[in-house]
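2 protein chains.
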Amino acid sequence: MSHAAAQASIGDSEFDRDTTITARADEPGVYDADLSAGWTIITAVNGGYLLALVGRALSAALPHPDPFTVSAHYLSASVPGPAVVRTEVVRIGRTLSTGQASLFQYDENGAETERIRVLASYGDLAALPDEVRTTARPPAMPAYEDCLGPEAGPAPIPGSSAIVDRLRLRLDPATAGWALGAPSGKGEMRAWFELADGRDADPLSLLLAVDALPPTAFDLGLRGWTPTVELTAHVRRRPAPGPLRVSITTRNLAGGFLEEDAEVWDTAGRLVAQSRQLARAPRTS
Amino acid sequence: MSHAAAQASIGDSEFDRDTTITARADEPGVYDADLSAGWTIITAVNGGYLLALVGRALSAALPHPDPFTVSAHYLSASVPGPAVVRTEVVRIGRTLSTGQASLFQYDENGAETERIRVLASYGDLAALPDEVRTTARPPAMPAYEDCLGPEAGPAPIPGSSAIVDRLRLRLDPATAGWALGAPSGKGEMRAWFELADGRDADPLSLLLAVDALPPTAFDLGLRGWTPTVELTAHVRRRPAPGPLRVSITTRNLAGGFLEEDAEVWDTAGRLVAQSRQLARAPRTS
Chain A
1 MSHAAAQASI GDSEFDRDTT ITARADEPGV YDADLSAGWT IITAVNGGYL LALVGRALSA
61 ALPHPDPFTV SAHYLSASVP GPAVVRTEVV RIGRTLSTGQ ASLFQYDENG AETERIRVLA
121 SYGDLAALPD EVRTTARPPA MPAYEDCLGP EAGPAPIPGS SAIVDRLRLR LDPATAGWAL
181 GAPSGKGEMR AWFELADGRD ADPLSLLLAV DALPPTAFDL GLRGWTPTVE LTAHVRRRPA
241 PGPLRVSITT RNLAGGFLEE DAEVWDTAGR LVAQSRQLAR APRTS
Chain B
1 MSHAAAQASI GDSEFDRDTT ITARADEPGV YDADLSAGWT IITAVNGGYL LALVGRALSA
61 ALPHPDPFTV SAHYLSASVP GPAVVRTEVV RIGRTLSTGQ ASLFQYDENG AETERIRVLA
121 SYGDLAALPD EVRTTARPPA MPAYEDCLGP EAGPAPIPGS SAIVDRLRLR LDPATAGWAL
181 GAPSGKGEMR AWFELADGRD ADPLSLLLAV DALPPTAFDL GLRGWTPTVE LTAHVRRRPA
241 PGPLRVSITT RNLAGGFLEE DAEVWDTAGR LVAQSRQLAR APRTS
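In structure tokens:
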């Protein structure tokens with residue numbers, strides 16, 4: 001598969017620049033950030049991007065580098081602009097440490113408003129044994145070349161969404177019917193996922209990948225917002241270079257809520273991340 | 001199916017008595033509790049019981065009654081005896097409110113040691129529309145009468161486990177082979193689940209139900225502890241009376257960790273709860 005000539009790298013990419021955190025010299029565990037307008041869907045900042053940014057702050061605050069399990073409750077809608085992440089070290093263990101973080105933005109009077117609160121346990125993926133005993137199989141989906149990039153059809157989401165330019169998503173045609181008015185009704189979404197500037201995936205970008213595809217509600221024939229109430233992601237392995245396969249499934253739309261289960265597979269055929277979120281179902285059908 | 005003559009009821013049962021919380025008059029949002037020795041596996045207090053007790057404290061602290069999504073990170077092993085739950089109201093919204101809670105016990109010097117930290121969003125299950133649009137199907141398992149109660153075989157876990165007397169678990173024979181030395185290797189566990197005193201299920205007891213079956217690791221042929229790192233449960237509907245069907249699956253045992261996905265179905269054929277946990281895999285095989 002062909003990539004753009006200029007490959008960005010981990011540490012020097014759009015994703016890294018836009019998740020930059022700056023430690024306050026006088027307040028340990030507090031980090032300033034600037035939410036980029038580059039990761040928005042219409043006007044809303046993508047929840048996976050927020051999770052990655054908060055995840056970076058926790059990685060700085062905790063003695064272990066990698067998110068193993070991250071639980072986020074979304075409290076209010078983030079907007080591009082200044083933000084502050086306040087972290088707390090909850091427990092430090094030998095192989096795992098646990099931390100908490102809240103991302104705040106400022107209201108018109110300068111008061112802090114909490115956007116997202118996170119509990120997370122971190123470890124060191126490089127220290128894990130290579131043992132794998134899994135019955136999980138990669139999602140059945142066509143080869144990269146046979147999936148649909150943005151050039152293949154109409155804009156998937158009406159309106160201007162900056163995040164479309166930051167990602168290189170190629171949708172499985174079987175889960176892209178909604179873009180042509182023919183959703184499958186199964187509640188599935190599958191895509192090859194890369195960052196548009198060619199930066200390889202790492203544990204932090206996996207936190208973006210689990211929440212960056214079009215919502216499964218589209219494949220159920222529903223339009224409108226699917227705001228996340230809570231999302232928990234497990235990162236199970238450092239991903240191999242190359243495009244990821246992301247598969248998202250909704251089985252239970254009931255009572256005005258739905259779950260979205262995501263799996264992320266790397267080019268080595270390893271399940272590198274799993275996530276589940278509870279979201280509000282769109283009100284219109 | 002037949003039940004013991006004396007049926008306990010919601011509010012007057014072993015489960016209710018053992019999850020009793022007492023608000024401190026002088027400290028708003030702080031609740032004293034006593035962890036019962038009745039819900040232990042050998043010496044460890046069951047994680048689902050802890051989650052239900054913390055869930056009861058959050059239900060008291062928040063304006064909405066029912067746990068919709070509860071994320072718990074387990075920090076240290078709880079023991080029977082006194083405990084205190086400290087809650088914080090994070091956000092109050094119209095249909096959902098979010099809270100945080102920590103359960104502490106006391107070390108030999110009387111200092112508080114944190115056992116579990118929880119982030120949760122609560123709502124009102126009774127206020128949800130009855131709409132269901134789901135592709136999920138109940139687990140394929142034999143009828144209640146054809147599953148295996150404790151009288152059918154050897155004690156599933158060596159040693160004395162008080163929790164066995166508090167639950168009426170009937171295992172699907174297909175996932176009970178490990179008790180006879182013949183695990184299926186699939187990483188599945190299915191059972192009919194009731195409280196032993198006949199108390200019907202409610203949203204709080206669902207938090208127990210998602211973490212009360214023998215670990216799927218047993219069905220993978222592994223013995224030993226599977227300590228939970230993090231568990232997130234979604235309660236989707238108030239359960240109908242009668243025994244629940246609980247199905248737990250592990251797909252990815254890798255790098256010394258595994259996930260356990262649980263589904264809980266009620267007698268009305270509704271998916272009432274889903275959960276996923278990340279746990280450490282047993283060290284011995």
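Chains A and B supply the protein sequences, listed in that same order. Just so we're aligned, residue 1 is where the first sequence starts under UniProt numbering, counting upward by one. Just so we're aligned, residue 1 is where the second sequence starts under UniProt numbering, counting upward by one. In this text, a Cβ means the ideal position worked out from N, Cα and C, and glycines have one as well.
**Q.** Rounded separation between I41 of chain A and A196 of chain B - CA only
**A.** 50 Å
**Q.** Coil, strand or helix - M1 of chain A by DSSP
**A.** Since pLDDT at M1 of chain A reaches only 43, below the 50 mark, its modelled position is unreliable, and no value is offered.
Q. Ends of the beta strand (DSSP E) at D219 of chain B?
A. No beta strand (DSSP E) holds D219 of chain B; the alpha helix (DSSP H) holding it covers 216-219.
Q) If you run the structure through DSSP and keep just helix, strand and coil, what is W225 of chain A? A) coil
Q. Would you call the segment 123-137 of chain A and the segment 66-82 of chain A touching, i.e. three or more CB-CB distances under 8 Å?
A. yes
(Q) What does the Cβ neighbour count give for A4 of chain B, buried or exposed, with the cut at 16 atoms within 10 Å? (A) Residue confidence for A4 of chain B is low, a pLDDT of 48 falling below 50, so the modelled location carries little weight; the figure read from the coordinates is stated next. With fewer than 16 other Cβ atoms within 10 Å, it is exposed.
Q. Can you name the residues of chain A whose CB is closer than 8 Å to the CB of G256 of chain B?
A. L128, P129, E131
**Q.** Secondary structure of S285 of chain A, DSSP reduced to three states
**A.** Only weak support exists for where S285 of chain A lies, its pLDDT of 47 falling under 50; the value from the coordinates is given anyway. Note: S285 of chain A maps to coil in three-state DSSP.
Q) Relative to the alpha-carbon of V54 of chain B, which residue among B:E27, B:A23, B:A44, B:G38 has its alpha-carbon at the smallest distance? A) B:A23
**Q.** Classification of N109 of chain A by the beta-carbon crowding that lies within 10 angstroms, buried from 16 upward
**A.** exposed
Q | Spatial neighbours of H73 of chain A in its chain, beta-carbon cut-off 6 Å, leaving aside the 5 residues before and after | A | R117, E230
Q: Compare the beta carbon distance of P183 of chain A and L220 of chain A with 8 Å and say whether it is the shorter of the two.
A: yes
Q | 7 Å Cβ cut-off: residues of chain A touching G187 of chain B | A | T135
Q) So what's A209 of chain B in DSSP terms, helix, strand or just coil? A) helix
**Q.** Through-space distance from P150 of chain B to S2 of chain A, alpha-carbon basis
**A.** Note on S2 of chain A: pLDDT 45, under 50, position unreliable in the model; no value is reported.
Q: Establish whether the CB of M1 of chain B and some CB of chain A are separated by less than 8 Å.
A: The pLDDT assigned to M1 of chain B is 42, lower than 50, so where the model puts this residue is not dependable; a value taken from the coordinates is nonetheless given after this. Closer than 8 Å: no.
Q: Answer with yes or no whether the minimum CB distance from Q274 of chain B to chain A is below 8 Å.
A: yes
Q. Is there a Cβ from chain B that is less than 8 Å from the Cβ of R117 of chain A?
A. yes
Q: Taking a Cβ distance cut-off of 8 Å, strictly less, list which residues of the segment 60-86 of chain A are near chain B, in chain order.
A: F68, T69, S71, H73, L75, S76
Q) Taking 8 Å as the CB-CB cut-off, is E145 of chain A touching chain B? A) no
Q: Report yes or no: is there a C-beta of chain B within less than 8 Å of the C-beta of E260 of chain A?
A: no
Q. What three-state label does DSSP hand D12 of chain A in the structure shown?
A. strand
Q: Say whether chain A places a C-beta atom closer than 8 Å to the C-beta of R94 of chain B.
A: no
Q.
Counting C-beta neighbours from all protein chains within 10 Å, is the total for Q7 of chain B 16 or more, i.e. buried, or is it exposed?
A. exposed
Q.
Quick check on DSSP: helix, strand or coil for P28 of chain A?
A. coil
Q) For S121 of chain B, which three-state DSSP category applies? A) strand
Q.
So G256 of chain B and A281 of chain B are supposed to be a Cβ contact under 8 Å. How far apart are they, rounded?
A. 5 Å
Q) Any Cβ of chain B within less than 8 Å of the Cβ of A4 of chain A? A) Per-residue confidence for A4 of chain A stands at a pLDDT of 48, beneath the threshold of 50, marking its modelled position as unreliable; the derived number appears in the next sentence. No, because no Cβ of chain B sits closer than 8 Å to the Cβ of A4 of chain A.
Q) Which chain A residues are close to V229 of chain B, counting only those with a beta carbon under 8 Å from its beta carbon? A) F68, T69, L96, S121
(Q) When you compare the segment 231-238 of chain B with the segment 178-192 of chain B, are there three or more beta-carbon pairs, one atom per stretch, that lie closer than 8 Å? (A) no
Q: Check whether the Cβ of R237 of chain B lies closer than 8 Å to any Cβ atom in chain A.
A: yes
Q | Beta-carbon neighbours of T232 of chain B, restricted to chain A and to distances below 8 Å | A | S71, E230, T232, R276
Q. Closer than 7 Å, Cβ to any Cβ of chain A: which residues of the segment 25-51 of chain B, in chain order?
A. none
Q: Give me whichever residues DSSP pairs with A44 of chain A in a beta bridge.
A: A:I41
Q) Hey, which unbroken runs of the beta strand (DSSP E) at 3 residues or more fall wholly within the segment 226-284 of chain B? A) 228-235, 244-249, 252-254, 257-265, 271-280
Q. From W265 of chain A to G99 of chain B, what distance separates their C-alpha atoms?
A. 33 Å
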